[in-house]
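There are 2 protein chains.
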Amino acid sequence: MARSPAWASRPKTRGLVLDVIRAARSISRVELAAATGLTGATISEVVRELLGDGLVVEAGRGAPTGGKPRTLVQLNPTARYGVGVHLERNTCVIVVVDLAGRPVARTSFQGVASLPPERALPMVAAQVDALLTTAAVERGKVLGVGLVSYGPQDRGAGVLLTPQPTEEWRDHPVAPRLAEHLGLPVLLDNDAAAAAIGEYWLGAVEPHSTYGCIYMATGIGGGVVVGGEVYRGSSSNTAEIGHISIDVHGDDCPCGNVGCLENYAGPSALVRQALETPGLARRLALDPAADNFLTEFARIAAAANAGDTEARALVERSARYLGHAAVTLAVLFDLDLIVLAGQSFAVAGSTYQAVIQQELDRRLFSRRAHPVRVVPSVNGSDAAAIGGAVLVLQSELTLGRGRPEDGPRPVPAGAAEAP
Amino acid sequence: MARSPAWASRPKTRGLVLDVIRAARSISRVELAAATGLTGATISEVVRELLGDGLVVEAGRGAPTGGKPRTLVQLNPTARYGVGVHLERNTCVIVVVDLAGRPVARTSFQGVASLPPERALPMVAAQVDALLTTAAVERGKVLGVGLVSYGPQDRGAGVLLTPQPTEEWRDHPVAPRLAEHLGLPVLLDNDAAAAAIGEYWLGAVEPHSTYGCIYMATGIGGGVVVGGEVYRGSSSNTAEIGHISIDVHGDDCPCGNVGCLENYAGPSALVRQALETPGLARRLALDPAADNFLTEFARIAAAANAGDTEARALVERSARYLGHAAVTLAVLFDLDLIVLAGQSFAVAGSTYQAVIQQELDRRLFSRRAHPVRVVPSVNGSDAAAIGGAVLVLQSELTLGRGRPEDGPRPVPAGAAEAP
């Protein structure tokens, strides 16, 4: 289809306008032109299209300015939906979010890791279908599924690159297969990156902020967002802070590195350290054979919050190690904000935030330039799943696909590999 | 001036086309359209403008394809020039580069740190003028000056934020003042970031590469380039690897952090360690009172290369610590390449490259995704100065200034602050 040069960049233009409307919550056409640098004619045309597609609606009038009253536009939250599917070791969390990124339905279930992908993925698909039905969401309004997980991935092909949760999952085309089962596009991405972008979409961070997200559930991951987009590096395997070295003289890690953060901080390390503290282990009747150490972690954190001295000391030390890594992340990426997301931060309360903030305040090389704030995620435990859904919304609506370097598209249903 | 929507993005379009011509060395209009995704009509118009401005020239014909022979275009290297001024502690290096980024003239002088900026900057300006005259470069073709230095900066205001080289330099408007003396735009930037982008402009890296540069002269700095642009973070104070912690149990550093890389590796640490090795210190007659420890560093490196066992052990250990930090940089930024630049790498020979490559090969978490190569800079000791000149070329010609978020413009002569 021949297009005049005037609209050669339309997907990016549309995407930019929609993203500014999203961030502003409601905005006039005049303000849109000022914010985007686009001409009034372009704004009128793009807004007309967005109104026609139902993505935005007119929404009252702005404050009187002495001239003609300005009609405001805003997102129409029920115009489109995204689905987030978060695979976290043995748990699967599914959320449906509206165009504004707000969850409208949620479910979770155990046992994913004990099934091979050929049996787990149809089960996940059935859960997604059931949730959409329960939430009475029209299938035609669902843009796709963001499937998010941890560890190295090949986003383009939609495969996990490590034997997690089991060997059978490695290199299995999880995104294409789930897309086939659902008849919806599916994109694969990193859980921490997803959690990071969720903050942006929901307006919890300044639009032009450069921020990092430390994501702690079972392990520790990270993501960085620059100008409203996830920092991708060369292969979208970025900010894996769980496996950076905080101690050059530390122990070898199975990952190949030495003195890795996850062996010092994080839930499994904390539980191990608590088991090595006889008084504490006895008081909490910690179970060394517990399948799910997240339960033991939550109990140690609760004890710390209730005032148990030994528990508190372990949690604070864990937080200092995390703060140490947060300093490295902030220095290298020149961040102005760090968000703490994921269920382990959610259950552990405010100790992590307070101690990490202390470490940043004390140790930042560039603190003469600007401070770095630490805040909890607005999305708490479901940050990764919500972020997965947001990645789909962003991918389909606001990133703009004018050029190939905009990145892989979600894998459409029926395709073996992403284009 | 009213512009039709078709050309609302012209600066970015021109910049993109020019950058593709630069990278390709010579290219036909058909190939340009394919590479950029722009229409043939747009390409023809933009190339006509670039030919008219003298930035590109026609350059013979491409290989026969059976159809009409394709005329090639290429950069006209003598169309424009950039000047790089590198302030490194007490030394100032000045280079003039052509549009292709190739140095056409160079000078250096000592003593910058022993003068207050009010006296040093006019001296620098006089040296720039003299060099341009010597090189017979038309003033009208000089796009501006890239002034590069180390440590935290406020690029927008053109000031250094730390008392380096002396307290009088902190917060002095170095870029605006130099611009006034020269009657040329001056931008301020980081030496390691400059060294990094120099590789890109000269075509020493793949255009879509995500790579890091470790820059070692007196201290250790870093820069990251993504898609042909320096990664800026929130304030352009990024990748300061000299002051990331490699040892959570290490000593406090004056910068506020603990176990900083520069206290383990790098020229001053190596000289200190050599002075603490009696046999070596005696053999090399190392001078503990030496003003310029770079001379002592070069002698230790030369001894190591000549086979001195103790010197070799120190250099290799220093390289392992650097490799350790390189792993962190590569993991967090998801790099596919690391470039080693700066005079200390240049004098020390290939040991650093070999050992850092070993560390990366051994320790990378994401090595299942892709390996990371380590290469020496094509620009060696003058990488920062050359990079400073390249930053001006890029800023003025290929980054495109369609929107405010494209970053600060060079400070024009006569302005107290960048817009």
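If you read the protein sequences in the order shown, they are chains L and F.
By this note's numbering, the letter at position 47 of the first sequence is numbered 47, and the numbering carries on one by one without gaps.
By this note's numbering, the letter at position 193 of the second sequence is numbered 612, and the numbering carries on one by one without gaps.
Even for Gly, the Cβ is constructed at its ideal location relative to N, Cα and C.
All values derive from a computational prediction rather than experimental measurement.
For ALA623(F), the nearest beta carbon of chain L is not closer than 9 Å to its own beta carbon. Excluding sequence positions up to five before and after GLY479(F), its CB lies within less than 6 Å of the CB of LEU491, all in the same chain and listed in chain order.
Under the DSSP assignment, ASN724(F) falls in the alpha helix (DSSP H) whose first and last residues are 712–724. Contact fails between the segment 297–316 of chain L and the segment 713–733 of chain F, because fewer than three Cβ pairs, one in each stretch, are under 8 Å apart. The Cβ-Cβ distance between LEU187(L) and LEU147(L) falls below 9 Å.
Assigned with DSSP and collapsed to three states, LEU161(L) falls in coil, not helix or strand.
In the DSSP assignment, GLU477(F) forms a beta bridge with VAL492(F). In the structure shown, GLY233(L) adopts coil according to DSSP, grouped into three states. DSSP places HIS505(F) inside the beta strand (DSSP E), whose first and last residues are 500–507. By the C-beta criterion, the segment 637–657 of chain F is judged to be in contact with the segment 325–343 of chain L, since at least 3 inter-stretch pairs fall below 8 Å. Per DSSP, reduced to three states, the secondary structure at LEU340(L) is strand. Between VAL374(L) and ILE338(L), the beta carbon gap of about 5 Å places them in contact (Cβ cut-off 8 Å). Straight through space, the alpha carbons of ALA63(L) and LEU182(L) are spaced by roughly 46 Å.
In the DSSP assignment, TYR634(F) falls outside any alpha helix (DSSP H) and lies within the beta strand (DSSP E) extending over 629–635.
When DSSP states are grouped into helix, strand and coil, ILE244(L) belongs to the coil group. The alpha-carbon of VAL224(L) is positioned some 12 Å away from that of ALA326(L).
The residue from ASN609(F), LEU703(F), ILE446(F) and LEU689(F) with its alpha-carbon nearest to that of TYR650(F) is ASN609(F). The alpha-carbon separation between TYR211(L) and ALA192(L) amounts to approximately 12 Å.
Shown here for ARG441(F): same chain residues with a beta carbon closer than 6 Å to its own, the five before and five after excluded, namely LEU494 in chain order. Counting of Cβ neighbours within 10 angstroms places ARG80(L) among the buried residues, the total reaching 16 or more. Neighbours of GLU618(F) in chain L, taken as residues at a C-beta separation under 7 Å, are lacking, since the least C-beta distance is about 15 Å.
Distance from the CA of SER463(F) to the CA of ARG448(F), rounded to the nearest whole angstrom, comes to 7 Å. TYR771(F) is outside the set of residues whose beta carbon lies under 9 Å from a beta carbon in chain L. By DSSP's assignment, THR526(F) forms a beta bridge with ILE513(F).
Pairwise C-beta distances place the segment 666–673 of chain F out of contact with the segment 698–716 of chain F, as fewer than three of them are shorter than 8 Å. Contact between the segment 801–809 of chain F and the segment 757–771 of chain F is established, with three or more Cβ pairs separated by less than 8 Å. Beyond the five residues adjoining it in sequence on each side, THR166(L) comes within less than 7 Å, by CB distance, of ALA113 in the same chain, given in chain order.
Contact of LEU275(L) with chain F by beta-carbon distance below 8 Å is absent, the smallest such distance being about 22 Å. Look at the segment 219–250 of chain L: the residues with a C-beta under 9 Å from a C-beta of chain F are GLY222, VAL224, VAL226, GLY227, TYR231, ARG232, GLY233, SER234, SER235, SER236, ASN237, THR238, ALA239, GLU240, ILE241, GLY242, HIS243, ILE244, SER245, ILE246, ASP247, VAL248, HIS249 and GLY250. Cβ-Cβ distances below 7 Å link TYR200(L) to VAL225 and GLY228 in the same chain, with the five nearest sequence neighbours on each side left out; the list follows chain order. When the five nearest sequence neighbours on each side are left out, the beta carbons in the same chain lying within less than 6 Å of the beta carbon of ALA615(F) are those of CYS632, GLY642 and VAL644, in order along the chain. Sixteen is the threshold: since fewer than 16 other Cβ atoms of the shown chains lie within 10 Å of the Cβ of GLU477(F), the residue is exposed. By the neighbour-count definition (other C-beta atoms within 10 Å, threshold 16), ASP573(F) is a buried residue. When rounded, the separation of the alpha-carbon atoms in LEU55(L) and LEU597(F) is 51 Å.
Around VAL466(F), no beta-carbon contact reaches into chain L at under 8 Å, the shortest distance being about 15 Å.
For ARG792(F), the enclosing beta strand (DSSP E) stretches over residues 792–795.
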